[in-house]
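Participant:
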Amino acid sequence: MIVHRGCAIPDGLSYDVDRDLWVRFEDDLARMGLTDVAQTRMGKMVSIRFKRVGRHIEAGKSIATVESAKWVGPIHSPFDGEIIATNDEAYAADILVANRDPYEAGWISIVRPDDPATAPDGLLTSDAAVEAYRARIEMLDLSCYRCAD
Amino acid sequence: MELRVIDFGRVSALRSQTLWHAIAYGVSEGAPPTLSFMTPATPYVSIGLHVNIDAVDVNACKRAGLPVFRRMVGGGPVYLDDDQLFFQITLPDSMAPAMRSRAVRVLLNPVVAAFQQIGIDAELDDANEIVVGDRKICGHAAGQIGSAVVVVGNLITGFNHDAAASIASTPNRAAAGMFRQMLERYVTAVDADPRAFMEAAVATYTEALSSLQGEQAGDVSYVRGRPPFGEPDAGDPLASLTPYELEKLEELDRKLADPTFIRGESRRTRAPWRIKVKSGVWVYGHANESATAVLGLVDDVITEVTLVGAGRDTEKLIGELVGSGLPHAADRIAREGHMGATIAQLVEAMT
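So the protein lines, in turn, are chains A and B. Sequential numbering of the first sequence, starting at 335, is according to my numbering. Sequential numbering of the second sequence, starting at 789, is according to my numbering.
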């Protein structure tokens, strides 16, 4: 785990740095969520709408939209695929779950990529991801924080 | 820095939404940062992307001939009409401050400056609400569409409080009455010339966006629309849209008028019933088999109380509630018989 300016960048994940998204590959599935940078930029979430399970999405289209105060923004998928599961229950129980625990309890959706063998452009792993994220955090001049319990 | 300014003038209710959505997609695909204006020819209701349709009294809207459109940014249900000039600032996400709340603030500051330039003593309060004193004078919403950031708002030169109150879904007459009363108290129109406001906003946004990019103000391409705010001999403002924006406009005309999109997904409504008047100002309501309680709160302090079926001690109870914070109210009303139980249920659900 690397922490840069308060922003956690856990090992073992892939990152779409431009979209502030993390991806954990689990066999032929991909679990996705907001990074620490994303939840910090967003601020306290007030609602989330998931694209339905079973829906096929294209790369660059949203798997969910989130609202904080009067701001609504999409969470974009890095690849084409079918939505297999969404984390409705966790967000129904605690809408701030991504603000508290973005990499574990606050995951958003699980997608089955159409082409699991080919990593999409822009999805980085390990050292490359960490360095790219460090640079992004500096460029955004950002320091991360989490909601306390 | 180039700023495209488009004054669409008076447009249909649907186009007063779809035009700026199309611009957001255009800016996502390389169109320049854009400041746009329009006013709807006919009144309607707009709801935020995540708002449950049940928050709107759809039957009342039908009776009044008010269409309901869902927008792709945040915020609650609002009544819109031709006494309002809509403005939108749209820019690439990469130009906006990283923190969303900061981006909204930075992109609302030029509006406040424009209000001030035309003689209105507006301020941006801590909750990003544009106010004069403690009264809201401008609604706003924001979001990311594609890779563009858009902040929308309105100059309100006349506010129909009755219409604005009537479109909200309320559980009973007491709650409807209090919402209407608090709208009157906390939301107001301003005496302003829309054209003067537009001219001022062009100047303040040009300066603000140049500052965001660390550049000198550059070219402003200004396309005027038709009356009431534009020029009688103005050309077609649609000509200033890119082919991609025109294509998206047609697509959005269909999408935003699609009943399925307007209805949205059903979701559980939270208890108790509540409605926002402006930031920090809410009306809460609760009823059980014996009584109804409606509370108005300003910054978590009870300022208004309506009790129905409270029995003989109504005045005493109201006196104890007004001015109380919620935890104190819960303690103080716990021993107040069946009305106390009703309010206790309400307060418990609120906290």
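Virtual Cβ for every residue (Gly too), placed ideally from N, Cα, C. Predicted, not measured: the structure shown is a model, and the values here were computed from it.
Would you call the segment 945-964 of chain B and the segment 832-843 of chain B touching, i.e. three or more CB-CB distances under 8 Å?
Facilitator: yes
Participant: Is the segment 911-920 of chain B touching the segment 1043-1061 of chain B in the sense that three or more CB pairs, one from each, lie closer than 8 Å?
Facilitator: no
Participant: What does the Cβ neighbour count give for residue 1123 of chain B, buried or exposed, with the cut at 16 atoms within 10 Å?
Facilitator: Confidence at residue 1123 of chain B is low in this model, with a pLDDT of 49, below 50, so the placement of that residue should be treated as unreliable; the coordinate-derived value is given next. Looking at its Cβ environment, which holds fewer than 16 other Cβ atoms inside 10 Å, residue 1123 of chain B is exposed.
Participant: Here's a check: name, in chain order, each residue in its chain whose Cβ is nearer than 6 Å to the Cβ of residue 808 of chain B, leaving out the five neighbours to either side.
Facilitator: 824, 876
Participant: Output needed for residue 481 of chain A: all residues of its chain with C-beta closer than 7 Å, excluding positions within five of it in sequence on either side, in chain order.
Facilitator: 378, 430, 433, 434
Participant: State the start and end residues of the unbroken beta strand (DSSP E) segment that holds residue 924 of chain B.
Facilitator: 923-926
Participant: Rounded to a whole number of angstroms, what is the C-alpha to C-alpha distance between residue 822 of chain B and residue 984 of chain B?
Facilitator: 19 Å
Participant: Does any residue of chain B have a CB that is nearer than 8 Å to the CB of residue 408 of chain A?
Facilitator: So, interface residue.
Participant: Please report the distance separating the alpha-carbon of residue 336 of chain A from that of residue 446 of chain A.
Facilitator: 28 Å
Participant: Take the Cβ of residue 401 of chain A as the centre, count every other Cβ of all protein chains shown within 10 Å, and call the residue buried at 16 or more, exposed below.
Facilitator: buried
Participant: Who does residue 350 of chain A pair with in a DSSP beta bridge?
Facilitator: A/355, A/457
Participant: Could you give the DSSP three-state label for residue 420 of chain A: helix, strand or coil?
Facilitator: strand
Participant: Residue 889 of chain B versus chain A: which residues are under 8 Å apart at the beta carbon?
Facilitator: 377, 402, 403, 405
Participant: Measuring CB to CB, does residue 1037 of chain B end up less than 8 Å from residue 1044 of chain B?
Facilitator: no
Participant: Start and end of the beta strand (DSSP E) containing residue 1083 of chain B?
Facilitator: 1080-1086
Participant: In or out: residue 354 of chain A buried (at least 16 other Cβ within 10 Å) or exposed?
Facilitator: buried
Participant: For the alpha helix (DSSP H) containing residue 809 of chain B, list its first residue and its last residue.
Facilitator: 803-816
Participant: Within 8 Å, do at least three Cβ pairs link the segment 384-399 of chain A to the segment 798-816 of chain B?
Facilitator: Flag = no, the segment 798-816 of chain B and the segment 384-399 of chain A do not touch.
Participant: If contacts are defined as beta-carbon pairs under 8 Å, then residue 899 of chain B and residue 941 of chain B qualify, I think. What distance do you get, rounded to the angstrom?
Facilitator: 6 Å
Participant: Would you say residue 397 of chain A and residue 409 of chain A are within 8 Å of each other, going by their C-beta atoms?
Facilitator: The answer is yes: Cβ separation under 8 Å.
Participant: So who's on the other strand from residue 1074 of chain B, going by DSSP bridges?
Facilitator: In DSSP, residue 1074 of chain B forms a bridge with B/1081.
Participant: Measuring only between beta-carbons, confirm whether residue 476 of chain A sits less than 8 Å from chain B.
Facilitator: yes
Participant: Confirm, please, whether the CB-CB distance from residue 471 of chain A to residue 375 of chain A is below 8 Å.
Facilitator: Taking 8 Å as the Cβ cut-off, residue 375 of chain A and residue 471 of chain A do not qualify as a contacting pair.
Participant: Assess, as a yes-or-no matter, whether the segment 885-892 of chain B is touched by the segment 941-950 of chain B under the definition of 3 or more beta carbon pairs within less than 8 Å.
Facilitator: no
Participant: Work out the CA separation of residue 1073 of chain B and residue 880 of chain B for me, nearest whole Å.
Facilitator: 41 Å
Participant: Please report whether the beta-carbon of residue 966 of chain B lies at a distance below 8 Å from any beta-carbon of chain A.
Facilitator: It does not; no Cβ of chain A falls within 8 Å.
Participant: What residues of chain B sit near residue 381 of chain A, judged by a beta carbon separation below 7 Å?
Facilitator: 838
Participant: With 16 other CB atoms within 10 Å as the buried threshold, where does residue 878 of chain B fall?
Facilitator: buried
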